[in-house]
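Undergrad: Handing you a structure now.
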Amino acid sequence: MQQRMKRGAKRALAMAVTVCLLVMASACTEPKLAADSFDDFCTRVIREMVGEDYVTIHFFFDDPDALGLGDVAPTFGRYTAEVDEEEAERSAAMIRDLMRYDRDTLSESQQKTYDLLLWTLQSAVPAAPMYYENPNAPNFGWQAQIQISLAELALDTEQDVENYLALLSDMPRYAEALMQYQQEKKEAGLGISAEQAELAIEECETFLQAGEENILLRSFDERIDGMEGLTQAQKESYKQRNREAVQTYCLPAYQTMADGLEKAKDESSDGSLASLPQGRMVYKTLVRQYTLSEASPEEIQEELEEDEQAMMAEMRSLVWQDPAGYQAWEMMDLGTEDPEQSVAWFRERMQADFPALLADVPYTVSQVSPALEDTIQNPAFYMIPYLDKEGVENHIYINLKHMGDNVLPTLAHEGFPGHLYQTNFSRQTGDSLLCQLLEPTGYSEGWANYVENYCYRYLTENETAAQLCRINSQLSLNLYCQMDIGVNYLGWDTEELMDFAEAYFEVDTQAIEEMHQIFIASPGEYLQYYYTARQIEKAYDKASEALGSEFNDKDFHQAVLEALPTKEGIEKAVDAYIDANGGQQISSESAYKAAA
Numbered sequence: 014m015q016q017r018m019k020r021g022a023k024r025a026l027a028m029a030v031t032v033c034l035l036v037m038a039s040a041c042t043e044p045k046l047a048a049d050s051f052d053d054f055c056t057r058v059i060r061e062m063v064g065e066d067y068v069t070i071h072f073f074f075d076d077p078d079a080l081g082l083g084d085v086a087p088t089f090g091r092y093t094a095e096v097d098e099e100e101a102e103r104s105a106a107m108i109r110d111l112m113r114y115d116r117d118t119l120s121e122s123q124q125k126t127y128d129l130l131l132w133t134l135q136s137a138v139p140a141a142p143m144y145y146e147n148p149n150a151p152n153f154g155w156q157a158q159i160q161i162s163l164a165e166l167a168l169d170t171e172q173d174v175e176n177y178l179a180l181l182s183d184m185p186r187y188a189e190a191l192m193q194y195q196q197e198k199k200e201a202g203l204g205i206s207a208e209q210a211e212l213a214i215e216e217c218e219t220f221l222q223a224g225e226e227n228i229l230l231r232s233f234d235e236r237i238d239g240m241e242g243l244t245q246a247q248k249e250s251y252k253q254r255n256r257e258a259v260q261t262y263c264l265p266a267y268q269t270m271a272d273g274l275e276k277a278k279d280e281s282s283d284g285s286l287a288s289l290p291q292g293r294m295v296y297k298t299l300v301r302q303y304t305l306s307e308a309s310p311e312e313i314q315e316e317l318e319e320d321e322q323a324m325m326a327e328m329r330s331l332v333w334q335d336p337a338g339y340q341a342w343e344m345m346d347l348g349t350e351d352p353e354q355s356v357a358w359f360r361e362r363m364q365a366d367f368p369a370l371l372a373d374v375p376y377t378v379s380q381v382s383p384a385l386e387d388t389i390q391n392p393a394f395y396m397i398p399y400l401d402k403e404g405v406e407n408h409i410y411i412n413l414k415h416m417g418d419n420v421l422p423t424l425a426h427e428g429f430p431g432h433l434y435q436t437n438f439s440r441q442t443g444d445s446l447l448c449q450l451l452e453p454t455g456y457s458e459g460w461a462n463y464v465e466n467y468c469y470r471y472l473t474e475n476e477t478a479a480q481l482c483r484i485n486s487q488l489s490l491n492l493y494c495q496m497d498i499g500v501n502y503l504g505w506d507t508e509e510l511m512d513f514a515e516a517y518f519e520v521d522t523q524a525i526e527e528m529h530q531i532f533i534a535s536p537g538e539y540l541q542y543y544y545t546a547r548q549i550e551k552a553y554d555k556a557s558e559a560l561g562s563e564f565n566d567k568d569f570h571q572a573v574l575e576a577l578p579t580k581e582g583i584e585k586a587v588d589a590y591i592d593a594n595g596g597q598q599i600s601s602e603s604a605y606k607a608a609a
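With the first letter of the sequence shown counted as 1, position 296 gets the number 309 in the working numbering; the numbers rise by one all the way through.
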């Protein structure tokens with residue numbers, strides 16, 4: 014996974030959709046805006062998206078002043094149900110202005126930005142009703158994510174340090190706001206479930222009990238020690254002030270959240286979207302955003318079932334035809350003792366199959382702090398660097414406690430040719446700041462999952478073993494997607510989830526209960542990893558069949574990387590690649606079935 018903009022920052026844009034439908038018609042009758050004002054318009058959109066959130070602003074931008082964001086106070090912003098309505102009103106003019114631009118007069122890069130902004134707005138219809146957000150979801154909520162965000166916030170100047178310390182002093186206020194929201198959710202009959210609350214409380218207690226291993230102590234000390242121009246006395250003074258701030262503000266804020274979540278528990282709900290009055294509607298919106306398509310959950314479920322059967326048949330055929338390849342698959346070692354060296358190895362190994370970056374990218378591979386091993390349960394993640402600064406160091410973090418034996422594919426997913434590579438390719442080839450902010454996770458995670466599976470061919474000389482690795486990985490995600498739909502759209506309880514899962518996995522009651530809570534905490538999450546990756550695989554088969562010996566992996570990947578990051582955009586880019594090389598168009602489905 015990659016750490017991107019907080020959900021609340023994109024929520025501002027999504028809420029604007031309620032106004033969008035009202036202003037589109039009126040925009041058609043207003044005078045068109047000049048194309049040379051489009052970049053300024055995009056800057057205004059960015060300001061609307063990040064709003065008052067100091068962390069988001071300074072996380073993504075090295076020079077906030079250039080965007081008119083330099084005066085934003087060091088606070089966490091606001092979190093209330095009313096903020097959504099205010100943001101929708103402020104966004105009305107922005108949406109009207111978008112529709113007043115003549116797309117044909119814009120540059121190619123601006124057209125891509127225009128199309129992605131329009132898709133983002135349209136895919137969010139209808140926006141989530143009030144109180145359907147859960148800002149304290151286990152693993153994905155503020156109490157978990159803010160720790161790593163603060164630990165990675167750059168401290169380059171003394172003013173950065175002063176602002177950081179001021180930011181910590183705002184934590185109690187923001188924690189109170191979150192708990193007020195949770196209480197209002199409960200009063201509206203949409204409260205956080207007891208199970209979800211308990212998991213979030215455990216994360217708060219882990220932070221409270223971390224002692225000297227607290228990530229906000231260790232990470233601050235490390236950054237201060239690395240700052241140039243400070244005397245040792247100044248460094249010690251800052252460290253002491255940070256310790257006092259953590260003690261005075263952060264620990265009480267986490268206690269506030271632990272206590273508030275205890276009070277906000279709703280014992281009457283299991284917390285799934287399917288259990289809420291308008292939850293199925295919200296899930297439909299999430300499905301569109303995560304799959305980059307217009308397909309309904311029912312259509313996605315049908316496609317998942319077809320994919321499952323096709324992959325099962327392909328796996329059986331491979332095992333039957335090549336028993337030695339099956340044994341090679343079972344014997345594959347996907348671990349590594351040197352993650353950083355392995356990332357460098359993937360960078361070299363991919364050169365023949367993926368377009369080169371225009372410039373080298375500095376990066377580090379580090380282990381997460383022990384204090385975060387349980388809170389951040391992902392095996393690894395990539396931290397997106399400043400969007401407006403070239404040559405900045407990229408960071409991949411690995412969590413060995415949750416890594417398992419699948420280290421090498423995970424490193425390909427996060428590094429080369431995964432997130433790190435794709436992020437820098439987009440940046441170096443001219444994607445605008447707004448395009449980079451709006452990039453759907455369904456695209457970025459779909460690409461990373463696709464190349465993770467593609468890279469199995471680098472890890473073994475046995476083609477059957479590589480294919481079995483790919484199928485097994487995708488099949489597992491496919492089944493998780495079906496279970497996600499079952500829980501959050503069809504309303505499966507743990508017994509129904511068990512009935513489905515035990516046909517494929519060895520599971521017990523505890524494992525099923527844990528899986529149930531994961532699906533509730535992050536509805537639709539697995540679709541963003543699986544669906545686009547599967548579409549790229551099908552497009553690969555389609556292009557290779559259409560072009561035969563003229564097919565080239567590097568050119569295919571370049572087409573996907575440069576595409577508008579939607580399902581339709583990828584399909585158009587691949588079709589254009591086929592046409593440009595003299596191929597005959599065939600459907601992705603027929604091509605996939607032929608390949609399988």
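All C-beta atoms, glycine included, are put in the ideal place defined by N, C-alpha and C.
1. With three or more C-beta pairs closer than 8 Å as the rule, is the stretch 447-455 touching the stretch 279-295?
2. What ranges does the beta strand (DSSP E) occupy inside the stretch 370-412, keeping only unbroken runs of at least 3 residues that lie completely in it?
3. To the nearest angstrom, how far is it from the Cα of Leu34 to the Cα of Tyr553?
4. Using the three-state DSSP reduction, which class does Leu347 fall into: helix, strand or coil?
5. Please state whether the Cβ-Cβ distance between Tyr67 and Val85 is less than 7 Å.
6. In the DSSP assignment, find the alpha helix (DSSP H) that holds Trp460 and state where it starts and stops.
7. Do Ala425 and Phe367 have their beta-carbon atoms positioned less than 7 Å apart in this structure?
8. Can the beta-carbon of Glu321 be found closer than 7 Å to that of Asn491?
9. With DSSP collapsed to three states, give me the class of Asp279.
10. Which complete beta strand (DSSP E) runs does the stretch 127-192 hold, if anything under 3 residues is left out?
11. To the nearest angstrom, how far is the alpha carbon of Asp128 from that of Gly83?
12. If you compare alpha carbons, which of Glu558, Phe564, Thr545 and Gly561 is closest to Ala576?
13. According to DSSP, simplified to helix, strand and coil, what is Leu492?
14. Which runs of the alpha helix (DSSP H), 4 residues or longer, sit entirely within the stretch 215-285?
15. Counting C-beta neighbours from all protein chains within 10 Å, is the total for Glu307 16 or more, i.e. buried, or is it exposed?
16. With a threshold of 16 other CB atoms inside 10 Å of the CB of Gly204, please say whether the residue is buried or exposed.
17. Can you name the residues that DSSP bridges to Tyr114?
18. In terms of residue numbering, what span does the alpha helix (DSSP H) encompassing Asp588 cover?
19. From Leu229 to Lys198, what does the alpha carbon distance come to, in whole angstroms?
20. So what does DSSP say about Ser309, is it helix, strand or coil?
21. Taking the alpha helix (DSSP H) that Arg91 falls in, what are its first and last residues?
22. Are Leu510 and Ile525 close, meaning C-beta to C-beta below 7 Å?
23. If Leu166 sits next to Phe72, beta carbons under 8 Å apart, how far is it from one beta carbon to the other, in whole angstroms?
24. Report buried or exposed for Phe518, applying the criterion of at least 16 other Cβ atoms within 10 angstroms of its Cβ.
25. Going by Cα to Cα distance, which pick from Glu65, Cys468 and Ile397 is closest to Val420?
26. Using only alpha-carbon positions, find the residue among Asp373, Pro392 and Asn391 that is nearest to Leu433.
27. From what residue to what residue does the alpha helix (DSSP H) around Asp506 run?
28. For Pro151 versus Ala534, is the C-beta distance shorter than 7 Å?
29. Keeping to the same chain, check which residues put their C-beta closer than 6 Å to that of Glu465; ignore five residues upstream and five downstream.
30. Taking 8 Å as the threshold, find out whether the stretch 155-175 comes into contact with the stretch 215-233 through three or more Cβ pairs.
31. I'd like the list of long-range same chain contacts for Gln390, defined as Cβ closer than 6 Å, with 5 residues on each side in sequence excluded.
TA: According to the data block:
1. Short answer: they don't touch.
2. 376-380, 393-396 and 407-411
3. Reliability of the predicted coordinates at Leu34 is poor, the pLDDT of 45 falling under 50, and the value obtained from them is presented with this limitation in mind. Between Leu34 and Tyr553, the C-alpha separation is close to 37 Å.
4. coil
5. yes
6. Looking at the DSSP string, the run of the alpha helix (DSSP H) that includes Trp460 is Thr454 to Tyr467.
7. no
8. It is a contact, given that the beta carbons lie within the stated cut-off.
9. strand
10. Listed in chain order, there is nothing to give.
11. 28 Å
12. Ranking the options by Cα distance to Ala576, first place goes to Thr545.
13. helix
14. Unbroken alpha helix (DSSP H) stretches of 4 residues or longer found wholly inside the stretch 215-285: 228-238, 245-258 and 264-277, given in chain order.
15. exposed
16. buried
17. Leu46
18. Lys580 to Ala593
19. 30 Å
20. coil
21. No alpha helix (DSSP H) holds Arg91; DSSP gives it neither H nor E.
22. yes
23. Going by Cβ atoms, the distance from Leu166 to Phe72 rounds to 6 Å, so yes, they are a contact pair.
24. Exposed, since its Cβ has fewer than 16 Cβ neighbours within 10 Å.
25. Cys468
26. Asp373
27. Here Asp506 belongs to no alpha helix (DSSP H), and DSSP marks it neither H nor E.
28. yes
29. Cβ contact annotation for Glu465 (same chain, cutoff 6 Å, sequence separation greater than five): Pro422, Ala425 and His426, in chain order.
30. yes
31. Asn152 and His415
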